[in-house]
Amino acid sequence: MAEVAKEPGTAWRVVFAGTTINLCLGCLYAWSVWLKYLTDADYMATQGWSALTAEQAANPASLCMLIFGLMMFPGGRIQDKMGPKVAAAISAIFMCLGLIVSGMAKNYAGIIIGFGIGGGIGMGVGYAAPTPAALKWFGPHRRGLIAGLVVSGYGGAAFYVAPLASWLITAYGISTSFVVLGIAYGIVIFAAGMLLAWPEPGYVPYVPEEVKKKLAEAGARSTTVDWQPSEILKTWQVYALIALFCLNTQAGILIIGHAAKMVKPMLASGYILVAFGGLLNAMGRIGTGKYSDMIGRDKAYMVNAAAAAVCMFALPAIIGAKSLFLAFVACGIAYWVYGGGLSLMPSYTGDFYGLKNFGMNYAIVFVGWALGAFMPKLGGRIRDVTGSYDWAFYIAGILLIVAIGIALVTKRPEYQKT
Numbered sequence: 062m063a064e065v066a067k068e069p070g071t072a073w074r075v076v077f078a079g080t081t082i083n084l085c086l087g088c089l090y091a092w093s094v095w096l097k098y099l100t101d102a103d104y105m106a107t108q109g110w111s112a113l114t115a116e117q118a119a120n121p122a123s124l125c126m127l128i129f130g131l132m133m134f135p136g137g138r139i140q141d142k143m144g145p146k147v148a149a150a151i152s153a154i155f156m157c158l159g160l161i162v163s164g165m166a167k168n169y170a171g172i173i174i175g176f177g178i179g180g181g182i183g184m185g186v187g188y189a190a191p192t193p194a195a196l197k198w199f200g201p202h203r204r205g206l207i208a209g210l211v212v213s214g215y216g217g218a219a220f221y222v223a224p225l226a227s228w229l230i231t232a233y234g235i236s237t238s239f240v241v242l243g244i245a246y247g248i249v250i251f252a253a254g255m256l257l258a259w260p261e262p263g264y265v266p267y268v269p270e271e272v273k274k275k276l277a278e279a280g281a282r283s284t285t286v287d288w289q290p291s292e293i294l295k296t297w298q299v300y301a302l303i304a305l306f307c308l309n310t311q312a313g314i315l316i317i318g319h320a321a322k323m324v325k326p327m328l329a330s331g332y333i334l335v336a337f338g339g340l341l342n343a344m345g346r347i348g349t350g351k352y353s354d355m356i357g358r359d360k361a362y363m364v365n366a367a368a369a370a371v372c373m374f375a376l377p378a379i380i381g382a383k384s385l386f387l388a389f390v391a392c393g394i395a396y397w398v399y400g401g402g403l404s405l406m407p408s409y410t411g412d413f414y415g416l417k418n419f420g421m422n423y424a425i426v427f428v429g430w431a432l433g434a435f436m437p438k439l440g441g442r443i444r445d446v447t448g449s450y451d452w453a454f455y456i457a458g459i460l461l462i463v464a465i466g467i468a469l470v471t472k473r474p475e476y477q478k479t
């Protein structure tokens with residue numbers, strides 16, 4: 062098939078469908094709303110549940126992240142071999158059942174099994190479908206932007222889930238909140254998943270002539286070789302990308318996992334910060350994706366990490382001073398940077414290793430995101446032991462500085478046929 066004059070309508074339909082799926086899967090980012098109620102002994106007594114500690118309440122989200130990351134492997138394989146529609150259908154089933162179990166069980170074990178395991182499976186398999194499908198329709202000059210648009214749904218989910226979940230919990234109870242969202246997500250993910258599609262064999266993405274010239278002059282930032290998963294494991298760069306993903310994730314997910322409880326002394330309706338953070342999370346994915354197309358992935362990563370590190374080191378003083386405005390600013394930047402990592406890392410992976418085997422290759426890199434799940438649990442433990450999140454913020458800031466050094470030396474590997 063000859064090169065098309067521009068991206069066909071189907072390409073944008075796939076982007077829209079992928080964003081919609083991620084708007085459902087991203088309920089994970091509103092977990093701090095549930096955490097706030099799960100740790101409230103008075104409220105939980107009215108629901109017939111036992112209240113949880115901060116660490117216990119963070120565990121379902123941490124486990125969900127871990128399972129999510131691990132399930133990217135079978136999810137990526139399903140996407141590469143069977144197509145994105147199959148992956149989306151599997152995701153719909155597990156998201157629906159997982160959230161229903163969380164609500165119906167009415168205990169800690171039920172949330173661990175339902176949200177932590179069931180939700181993690183649904184998210185991992187479902188997340189593996191939209192981004193690879195969408196990127197196949199577009200040239201490398203739009204890789205960061207398209208990845209950002211698709212995954213913006215995941216980050217932006219908290220913008221509506223936080224107030225919706227808070228309303229469902231206060232109006233109908235915590236069990237009902239899980240069940241209602243589970244049924245809704247099952248329907249929407251399945252319907253949107255049927256709109257996902259690959260280009261026909263031989264399809265060549267549109268790239269303007271002036272862009273082709275700029276890419277050539279820049280030394281071809283993106284590889285022309287489609288690496289096999291077994292081949293990328295032999296390069297040190299893939300382990301650097303895993304580390305970059307982990308170090309970006311840990312700081313942002315610390316804020317995401319504890320936002321509502323963190324600002325409770327300053328703001329009773331903590332879901333407002335969660336919703337605000339969801340908006341910044343989504344914007345960070347699109348914005349970072351766009352400027353990474355312009356200045357390069359490494360420079361975009363370092364700028365983001367430096368900004369987030371400053372915020373981490375400043376947050377103990379900001380919270381101590383009970384400055385709600387500065388807390389929103391610092392957390393907003395952290396949300397932006399975290400979201401930016403979710404558009405940077407698939408773009409890095411496509412640039413370094415090609416798109417043919419993107420599902421599995423990105424699953425390998427995505428291990429870094431799952432490894433970042435340690436921070437919400439660590440943050441909860443630090444809060445339980447010390448009474449504040451201060452040392453969690455300091456640790457997160459130090460790790461971001463380490464990440465800047467790794468990004469500085471990580472360049473695209475040269476392919477050597479073995």
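Sequential numbering from 62 applies to the sequence shown in this note's numbering.
Quick reminder that beta carbons are idealized off the backbone N, C-alpha and C, glycines included.
Just so we're clear, the structure is a prediction, and the values are computed from it rather than from any experiment.
> With 16 other CB atoms within 10 Å as the buried threshold, where does GLU292 fall?
Replying inline: buried
>> I'd like to confirm something about VAL286: is its beta-carbon nearer than 7 Å to some heavy atom of the ligand GDP, or not?
In response: Absence of the ligand GDP is noted for the structure shown, with no ligands found whatsoever.
> To the nearest whole angstrom, what separates the beta carbons of LEU460 and GLN311, a pair I think is in contact under 8 Å?
Replying inline: 6 Å
> Does the beta-carbon distance from ILE316 to GLY433 come in below 8 Å?
Replying inline: no
> Taking only runs of the alpha helix (DSSP H) that begin and end inside the region 427-454, which ones reach a length of at least 4 residues, in chain order?
Replying inline: 435-447
>> So, under 8 Å CB-CB, PHE176 and PRO121 are touching, yes? Tell me the CB distance rounded to an integer number of Å.
In response: 5 Å
> Buried or exposed: where does GLY187 fall if 16 or more other Cβ atoms within 10 Å of its Cβ makes it buried?
Replying inline: buried
> Using DSSP with H/G/I as helix, E/B as strand and the rest coil, what is ARG358?
Replying inline: helix
>> Residues in the same chain with beta-carbon distance under 6 Å from ALA63, minus the five sequence neighbours each way, listed in chain order, please.
In response: Annotation note: pLDDT 45 at ALA63 (below 50); position unreliable, no value reported.
> Measuring CB to CB, does ALA388 end up less than 8 Å from ILE380?
Replying inline: yes
>> If I measure Cβ to Cβ from THR192 and keep anything under 7 Å in the same chain, skipping five residues before and after, which residues do I get?
In response: GLY79, ALA208, VAL211, VAL212, PRO407
>> Since LEU257 and GLY350 should fall inside the 8 Å C-beta cutoff, what is the C-beta to C-beta distance between them, to a whole number of angstroms?
In response: Not a contact, Cβ separation roughly 19 Å.
>> Looking at the secondary structure, which residues open and close the alpha helix (DSSP H) in which PRO145 lies?
In response: 145-166
>> Can you give me the C-alpha to C-alpha distance between ILE178 and LEU124, rounded to a whole angstrom?
In response: 7 Å
> Ordered along the chain, which non-local residues of its own chain (more than five positions away) have a Cβ less than 6 Å from that of GLY400?
Replying inline: GLY216, ASN342, GLY345, ARG346
> What are the start and end residues of the alpha helix (DSSP H) that includes PHE386?
Replying inline: 385-414
> How would you label SER236, buried or exposed, when you count the other beta carbons within 10 angstroms and need 16 or more for buried?
Replying inline: buried
> Short check: CB of CYS88 to CB of LEU196, under 8 Å?
Replying inline: no
> What is the C-beta distance between PRO156 and ILE230, in whole angstroms, given that I count them as a contact (C-beta under 8 Å)?
Replying inline: Residue identity check: residue 156 is Met in the sequence provided, not Pro. Contact flag wrong, Cβ pair sits at about 19 Å.
> For ALA106, which residues from the same chain have a beta carbon less than 8 Å from its beta carbon, with the 5 sequence-adjacent residues on both sides left out?
Replying inline: ALA112
> For PRO133 versus ALA189, is the C-beta spacing smaller than 8 Å?
Replying inline: Rather than Pro, the amino acid found at residue 133 in this sequence is Met. Yes, the pair counts as a contact, with Cβ atoms nearer than the cut-off.
> Mind checking whether ASP451 and ALA115 have CB atoms under 8 Å apart?
Replying inline: no
> TRP244 to ASP412, Cα distance in whole Å?
Replying inline: Note that residue 244 corresponds to Ile in the displayed sequence, not to Trp. Looking at the two C-alpha atoms, the distance is approximately 38 Å.
> Is CYS269 buried or exposed, if buried means 16 or more other CB atoms sit within 10 Å of its CB?
Replying inline: In the sequence on display, residue 269 carries Pro and not Cys. With fewer than 16 other Cβ atoms within 10 Å, it is exposed.
> Short check: CB of PHE427 to CB of GLY130, under 8 Å?
Replying inline: yes
> With 16 other CB atoms within 10 Å as the buried threshold, where does MET255 fall?
Replying inline: exposed
> Is it right to say PHE386 is buried, meaning 16 or more other beta carbons lie within 10 angstroms of its own, or is it exposed?
Replying inline: exposed
>> Residues in the same chain with beta-carbon distance under 8 Å from ALA118, minus the five sequence neighbours each way, listed in chain order, please.
In response: TRP95, LEU96, LEU99, THR100, GLY441
> What alpha helix (DSSP H) runs, 4 residues minimum, are completely inside the region 184-215?
Replying inline: 191-196
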